[in-house]
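Peer 1:
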Amino acid sequence: MILVTGGSGYIGSHTVLVLLQAGFEVVVLDNLSNSSTVSLERIAQITGKKAVFIKGDIRNRALLDKLFSDYLIESVINFAGLKAVGESTKKPLAYYQCNVHGACTLLEAMNDAGVKSFVFSSSATVYGEPETDCYHENLPTGHPTSPYGRSKLMIEEILKDLQTSDNEWKIAILRYFNPVGAHQSGKIGENPTGIPNNLLPYISQVAIGKLPYLNVFGDDYNTPDGTAMRDYIHVMDLAEAHLDAMNAIMKINTANESALKIWNLGTGQPYSVLEMVKAFEDACGHDIKYKIAPRRAGDIAKFYADASLAKAELGWTAKLGLSDMMEDTWRWQSNNPNGYNHLLK
Ligand code: NAD
Ligand code: UD1
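Going by our numbering, 291 is the number at position 289 of the sequence shown; the sequence numbering is gapless.
The following block contains the structure:
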C-alpha cells in the first residue's frame, strides 16, 4: 500500500488516480487545509477504485504511528505542505512549521515503522538564480527567494543527511517546473482558494468571466516577446513521473547504489506569458483580456528544465504538449466554474 500525504490536493489527487490505475492500493492522509475530499470521490468515479482517506496532519506523530501500524505501507509520497510563495513571506513560521517540521515528523514515524522509501515534491525554486536558464540537476542549489522555497531546500538537505546516515533509505527528490493542466476527464483539477497567484489558474478565471483581465507582469524581459518564459508541465505527466520514480527507487539495491535520486520534471520547452494567453484563447475559443503591468518582484526572465536525467534513468518524458495543457484546463474550468467549492459539505 502507498501512503500519499496531501493526496486530495492538486498534484496529489492526479497522482492518486495514476497509482490506483496502476493497481496500487492507496491511503491518503490530508488535513484538508487546502483541498476537499470531493477530488477523491471524483477519482473513484473515474477509476472505479477507492483510496482510503484519513483526515489528519503530517505533524501528528500519534496518528502517523497508528497509520503505519494499521496499514502495510511500502512507500510514501509526500505532497502535504503549504505552497503559496507570497503568503510564505508574511507567515514564515507557519511554512517552516508545516513543511519542514511536518517532513521531519513524517520521516521519524517512517523510520520507526521501518518504511524507508520516500518521494518528495520539491521545486525548481531550489536552483535560486543560476547563470544559465537551462537547469540541470548537477547545478549547485542556490538561494531561493522565499521562505517557501527555502523550506523545500531545507527538506532536500535533511533528506540527503538522512540517506547518508542510513543507506537503507530510498529517496526520490522531484524538482517540478511549472505544473498546469487537469485530468482529461475534466472531473479533477486545480482548485485555488481566493484570487489565484499562478498564471494558468488566473488566465482560466479570466476566460470564465470571474476575473476581468490578466495582468502580464512585465513585457521588457530579454525574451523574444518581452514576457517571462517558463517550462509548463502537464499535471498528468507529473503524476506519471511519481509512479515511475517510486518504482525506480524501490528497485534499487542499496548495497551497490546510492538511493538518493534527484530528478527534474519539466518538458524542456519554455513558453512566454503571451504564448500562454494565445494558446488558451485557441483552447477556449475566445479572447482573453490582458494588460501589461510592472514586473513582479522576484520573477526571473526565463528558465526551463534539462529533463534528460529523468529520461535516461526513469524512461520518463513529458508526453502532453501545450494544447493538451490548455484544453484540459479549460475543460476542468468550464465544467467546474466554482471548482469543488460549491460541493463542500
Ligand atoms: P495543494 O495545496 O493542492 O496540495 C497540498 C495538500 O496538502 C492539500 O490537500 C493540503 O490540504 C494538504 N496539507 C497541507 N499541509 C498539510 C499537513 N500539515 N498535513 C496534511 N496535509 C496537509 O498543492 P499542490 O499544488 O498539489 O502541491 C503539492 C506539493 O507539490 C506541495 O508540497 C508543493 O509545495 C509542491 N509543489 C507544487 C508546485 C505547484 O506549482 N503546484 C510546484 C512545485 C512544488
Ligand atoms: C511560482 C513560484 C515558484 C513556485 C511556482 C509553483 C514565484 C516567484 N515563484 O513560479 O516558487 O514553485 O510558482 O507553481 O512566485 N504571471 C503573470 N500574471 C499573473 C501570474 C503570473 O504575468 O497573474 C507570470 C509571472 O510573472 C511568470 C509566469 O507568469 O513569469 C508564471 O508565473 P507563476 O505561475 O506564478 O509561476 P512562477 O512564478 O514561475
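We put the beta carbon where it would ideally sit given N, CA and C, even for glycine.
1. Taking 8 Å as the cut-off, is the C-beta of Tyr178 nearer than that to any heavy atom in the ligand UD1?
2. Do Trp318 and Glu259 have their CB atoms nearer than 9 Å?
3. In chain order, what are the residue ranges of uninterrupted beta strand (DSSP E) at least 3 long that sit wholly in the region 18-57?
4. In three-state DSSP terms, what is Met60?
5. Which residues in the same chain as Gly58 place their Cβ atom closer than 7 Å to its Cβ, once the five residues preceding and following it in sequence are excluded?
6. Among residues of its own chain, excluding the 5 on either side of Asp221, which ones have a beta-carbon nearer than 7 Å to its beta-carbon?
7. Just to confirm the assignment, what range does the beta strand (DSSP E) spanning Lys208 have?
8. Comparing alpha-carbon positions, which option in Ala285, Gly8, Ile79 lies nearest Leu176?
9. Less than 9 Å between the C-beta atoms of Thr147 and Gly300, yes or no?
10. Let me confirm a value: Thr166 is counted as buried when at least 16 other C-beta atoms fall within 10 Å, else exposed. Which label applies?
11. Output needed for Lys347: all residues of its chain with C-beta closer than 6 Å, excluding positions within five of it in sequence on either side, in chain order.
12. Is Ala209 near the ligand UD1, going by C-beta to nearest heavy atom under 8 Å?
13. Mind pulling the alpha helix (DSSP H) runs of 4 or more residues that sit fully within the region 173-260?
14. Would you report the Cα separation of Ala24 and Gln271, rounded to the nearest angstrom?
15. Looking at the unbroken beta strand (DSSP E) that takes in Val279, where does it start and where does it end?
16. Roughly how many whole angstroms lie between the Cα atoms of Arg63 and Ala250?
17. Going by DSSP in three states, Lys347 sits in which element: helix, strand or coil?
18. Please work out which residues of its chain come closer than 8 Å, Cβ to Cβ, to Ser71, disregarding the five sequence neighbours upstream and downstream, and give them in chain order.
19. In three-state DSSP terms, what is Leu5?
20. Can you tell me whether Cys100 sits near the ligand NAD, meaning its C-beta is under 8 Å from at least one heavy atom of the ligand?
Peer 2: In this structure, then:
1. By 1-based counting over the sequence shown, the position of residue 178 is 176. Because some heavy atom of the ligand UD1 lies under 8 Å away, the Cβ of Tyr178 counts as near it: yes.
2. Here residue 318 is taken as the residue at index 316 of the sequence shown, counted from 1. Here residue 259 is taken as the residue at index 257 of the sequence shown, counted from 1. In this structure, Glu259 does not lie closer than 9 Å to Trp318 by Cβ.
3. 28-32, 54-57
4. In the sequence shown, residue 60 corresponds to position 58, counting from 1. The sequence shown places Ile at residue 60, rather than the Met named in the question. Of the three classes helix, strand and coil, the one that applies to Ile60 here is coil, per DSSP.
5. Taking the first residue of the sequence shown as 1, we reach residue 58 at position 56. Around Gly58: Leu31, Asn33, Leu65.
6. Taking the sequence shown and counting its residues from 1, one reaches residue 221 at position 219. Correct list, in chain order: Gly228, Thr229, Ile294.
7. One-based indexing of the sequence shown puts residue 208 at position 206. The sequence given here places Val at residue 208; Lys does not occur at that position. Premise fails: Val208 lies in the alpha helix (DSSP H), 201-209, not in any beta strand (DSSP E).
8. Start at 1 with the first residue of the sequence shown, and residue 176 comes out as number 174. Checking every option, the nearest Cα to that of Leu176 belongs to Ile79.
9. Mapped onto the sequence shown, residue 147 falls at position 145. Mapped onto the sequence shown, residue 300 falls at position 298. For Thr147 and Gly300, yes; Cβs fall inside 9 Å.
10. The residue given as residue 166 occupies position 164 in the sequence shown. Exposed is the call here.
11. The count along the sequence shown starts at 1 and reaches residue 347 at position 345. Here the model assigns Lys347 a pLDDT of 44, short of 50, so the residue's position is not dependable, and the following value carries that caveat. Here the set comprises nothing.
12. Here residue 209 is taken as the residue at index 207 of the sequence shown, counted from 1. No, since every heavy atom of the ligand UD1 falls outside the 8 Å radius drawn around the Cβ of Ala209.
13. 201-209, 237-253
14. Sequence index remark: in the sequence shown, residue 24 carries index 22 (1-based). Sequence index remark: in the sequence shown, residue 271 carries index 269 (1-based). Looking at the two C-alpha atoms, the distance is approximately 28 Å.
15. Translated into the one-based positions of the sequence shown, residue 279 becomes position 277. Where Val279 is concerned, there is no enclosing beta strand (DSSP E), although the alpha helix (DSSP H) it sits in stretches over 275-286.
16. The count along the sequence shown starts at 1 and reaches residue 63 at position 61. The count along the sequence shown starts at 1 and reaches residue 250 at position 248. Roughly 28 Å separates the two Cα atoms.
17. As a first step, residue 347 is located in the sequence shown; it is residue number 345 there, counting from the start. Residue placement at Lys347 is poorly supported in this model, since its pLDDT is 44, which falls under 50; the coordinates still yield a value, given next. In the structure shown, Lys347 sits in coil (DSSP, three-state: anything other than H, G, I, E or B).
18. Residue numbering aside, residue 71 sits at position 69 when the sequence shown is read from its first letter. Correct list, in chain order: Ala115.
19. Position 3 of the sequence shown, counted from the first residue, corresponds to residue 5. Note: Leu5 maps to strand in three-state DSSP.
20. In the sequence shown, the residue the question calls residue 100 occupies position 98. Yes, the ligand NAD has a heavy atom inside 8 Å of this Cβ.
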